[in-house]
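For the record, the sequence lines run as chains A and B. Start counting the first sequence at 75; every next residue gets the next number (this note's numbering). Start counting the second sequence at 75; every next residue gets the next number (this note's numbering). Just so it is clear, CB atoms sit at the ideal spot from N, CA and C, and this is done for glycine as well. Everything numeric in this text was worked out from a predicted model, so none of it was measured. Before any comments, here is the structure.
2 protein chains.
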Amino acid sequence: MGVEERRQQLIGVALDLFSRRSPDEVSIDEIASAAGISRPLVYHYFPGKLSLYEAALQRASEDLASRFTEPHEGPLGARLLRVMGRFFDFVDEHGPGFSALMRGGPAVGSTTTNALVDSVRQAAYDQILSHLGVTEASPRLELVVRSWISLAESTALIWLDGRRIPRAELERQLVHDFAALAAVSAAYDEEMAAVLRGILREEPAESPLGELVGRLVALAS
Amino acid sequence: MGVEERRQQLIGVALDLFSRRSPDEVSIDEIASAAGISRPLVYHYFPGKLSLYEAALQRASEDLASRFTEPHEGPLGARLLRVMGRFFDFVDEHGPGFSALMRGGPAVGSTTTNALVDSVRQAAYDQILSHLGVTEASPRLELVVRSWISLAESTALIWLDGRRIPRAELERQLVHDFAALAAVSAAYDEEMAAVLRGILREEPAESPLGELVGRLVALAS
């Protein structure tokens with residue numbers, strides 16, 4: 075194997091192990107053994123476990139960010155629902171590693187890992203604004219989008235802790251939560267009201283958001 | 075000063091410094107100087123900066139958790155609004171330290187600091203359940219409450235980053251967000267619908283939640 079090919083193989087093996095268990099439980103010996111090479115050879119490519127962890131996290135971050143890309147076609151609720159499906163696929167594939175990373179702590183907290191997590195949040199934020207057709211967000215719209223992203227993270231973390239609610243329900247719920255947080259902000263702000271009207275204008279009655287409105291009206295009566 | 079008295083004074087001085095700047099920018103020399111004692115004397119009471127940081131965080135955690143306590147009287151929306159006011163008081167008093175802690179990283183991430191943050195979240199969770207009159211939360215109610223707590227944290231962090239929205243607006247918005255997340259869950263779950271009816275039953279029309287419902291109805295029409 076060439077140098078770059080071997081590095082990429084090691085990153086793949088490490089990402090698999092870091093995904094299935096908390097990173098502080100994974101040893102370099104184990105990574106070497108899973109890759110079928112010696113421990114010194116691992117150190118030849120990566121100076122230590124942290125640098126290998128950061129390389130694996132970089133690959134996972136790019137993978138997750140790529141799943142946010144969605145064609146600008148059809149109702150917004152359905153687009154967001156498809157992205158939520160791919161987000162939960164990712165969370166499912168990387169469960170223990172995702173939890174350890176997002177819950178923080180000495181094993182995973184470094185300037186580089188924080189920057190990678192922030193880059194994925196920023197990719198999610200940019201995608202949502204582009205689907206809303208907004209280039210410059212007002213402070214209130216920025217708050218709704220960024221706080222909803224953190225809600226999606228915490229919902230995924232709570233799901234991983236026992237998986238007591240079917241993930242399909244949570245994917246739909248997060249789409250609804252986005253509309254609900256936007257509606258709360260729109261109740262007091264004309265600019266947000268215009269954004270919300272733009273979201274709802276294209277929603278057919280049988281879409282996730284159309285269905286929510288119907289159910290809330292039924293609940294209120 | 076006695077030993078315990080001196081320890082408590084040092085914790086107070088350190089908490090003040092750790093609140094006003096990111097903890098990695100605060101040195102033991104600075105803490106010693108602010109406390110009017112020598113650097114070796116600081117080390118006599120605390121083995122290093124991390125243990126002093128953890129002691130300061132412990133005091134801040136107890137302070138914040140105590141602010142969640144609210145009499146079980148009157149409409150739930152108004153109770154939560156008063157707690158949000160005290161939460162933002164705390165965030166305002168400890169801004170840079172709160173941001174550094176909640177954004178994670180090597181300067182603040184330790185098993186002890188994570189456990190302290192979790193203890194405050196748990197105190198918030200327990201208080202909310204007690205005000206809802208619930209002793210054993212269903213998985214869906216637990217998700218709504220815990221994910222709303224993370225929403226309150228992220229809203230406070232976004233507020234600290236530039237303070238571009240008046241905090242009073244965000245305090246009210248978080249009360250509304252709680253009702254909105256509960257309503258989304260209630261739209262698909264009978265148990266959550268019963269909880270939501272319990273919340274809204276006692277709300278007068280002029281309360282924060284009553285006002286929201288009026289505004290949303292106006293927005294929808």
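- Here the alpha carbon of H205 of chain B sits roughly 33 Å from the alpha carbon of G236 of chain B.
- In the assembly as shown, L115 of chain B is an exposed residue. Its beta-carbon has fewer than 16 other beta-carbons within 10 Å.
- By the C-beta density criterion, H250 of chain B is buried, having at least 16 other C-beta atoms within 10 angstroms.
- If you draw a 10 Å sphere on the C-beta of Q247 of chain A, you find 16 or more other C-beta atoms in it, and that means buried.
- Between the stretch 84 to 92 of chain A and the stretch 101 to 110 of chain A, the count of Cβ pairs shorter than 8 Å is three or higher; the stretches touch.
- At least one CB of chain B lies nearer than 9 Å to the CB of G236 of chain A.
- Selection A:P240, A:L124, A:S281 evaluated against G151 of chain A yields A:S281 as nearest (Cα-Cα).
- Against P213 of chain A, the close residues of chain B are R238, I239, in the order they occur along the chain (beta-carbon pairs closer than 7 Å).
- The beta carbon of M158 of chain A sits closer than 7 Å to the beta carbons of E245, L248, V249 from its chain, once the five residues preceding and following it are set aside; these are given in chain order.
- Here the stretch 131 to 140 of chain A makes no contact with the stretch 266 to 277 of chain A; the two share fewer than three CB pairs at distances below 8 Å.
- With 16 or more other CB atoms across the displayed protein chains lying within 10 angstroms of its CB, T187 of chain A is buried.
- Proximity to S259 of chain B across A:D263, A:E264, A:L293 peaks at A:L293, based on C-alpha coordinates.
- Judged by pairs of C-beta atoms under 8 Å, the stretch 207 to 225 of chain A touches the stretch 261 to 268 of chain A, as three or more such pairs exist.
- B:R113 is the residue among B:A174, B:R113, B:S135, B:A134 whose C-alpha sits nearest the C-alpha of I102 of chain B.
- A straight line joining the alpha-carbon of L190 of chain B with that of Q132 of chain B spans about 7 Å.
- A direct Cα-to-Cα measurement between P97 of chain B and M176 of chain B gives close to 12 Å.
- In this structure, L225 of chain B sits away from S173 of chain A, with a CB-CB distance that is not shorter than 9 Å.
- Spanning the alpha carbons of G171 of chain B and Q82 of chain A requires a straight line of approximately 39 Å.
- In this structure, L84 of chain B and L124 of chain B do not form a Cβ contact; the two beta carbons are roughly 14 Å apart against a cut-off of 8 Å.
- A straight-line Cα-Cα distance of about 44 Å links A197 of chain B and E147 of chain A.
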